[in-house]
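**Student:**
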Amino acid sequence: MTNLQKKICFIKNNLSSEFLYHLLASDSFFNYNMQAVKGVKMPRGNKTAIMQYKIPVPPIAEQERIVKILDKFDALVNDISIGLPAELSARRQQYEYYQTKLLTFKEMI
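Okay, here's the thing in structure tokens:
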């Protein structure tokens, strides 16, 4: 995980740690975090902004389904022995597409 200043995170029972990992590794969280960084020479996360980030919490079965899909794509993208460079590039694009699609939620109550 990137430098979130080594904050401790308590995970609720209805939130999979693997799902949270993928969510925090997503472009949407990165972009959100970059909007509120502090510092110029050594930018760092803004604790207040990070703590206000709204984490979507779909049912645990849906989280597990999402994690399974993203883990599979992650293995395909990061294991050079699985495919040729062109295949890895295609899988990387596919992973980013599914990551965005699966982790974008309508406003949850």
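If you read the sequence shown in the working numbering, its first letter stands for residue 272, the second for the next number, and so on. Glycine residues also receive a C-beta, built at the ideal position from the N, C-alpha and C atoms. Treat the numbers as computed from the prediction; the structure is a model and nothing was measured.
1. Determine, using beta carbons only, whether Leu294 and Ile326 come nearer to each other than 9 Å.
2. Cutting at 6 Å between CB atoms, please list the residues of its own chain near Glu289, excluding the five before and the five after it.
3. Mind checking who Arg315 pairs with in its DSSP beta bridge?
4. Pick out the complete alpha helix (DSSP H) segments inside the segment 325–371, 4 residues or longer, and give them in chain order.
5. Give the range of the alpha helix (DSSP H) segment to which Ser288 is assigned.
6. Using only CA atoms, which one of Met313, Glu378, Ala307 and Glu358 lies nearest to Met322?
**Tutor:** The relevant details are as follows:
1. yes
2. Val338
3. Lys309
4. 331–349
5. Per DSSP, Ser288 is one residue of the alpha helix (DSSP H) stretching across Ser288 to Leu295.
6. Ala307
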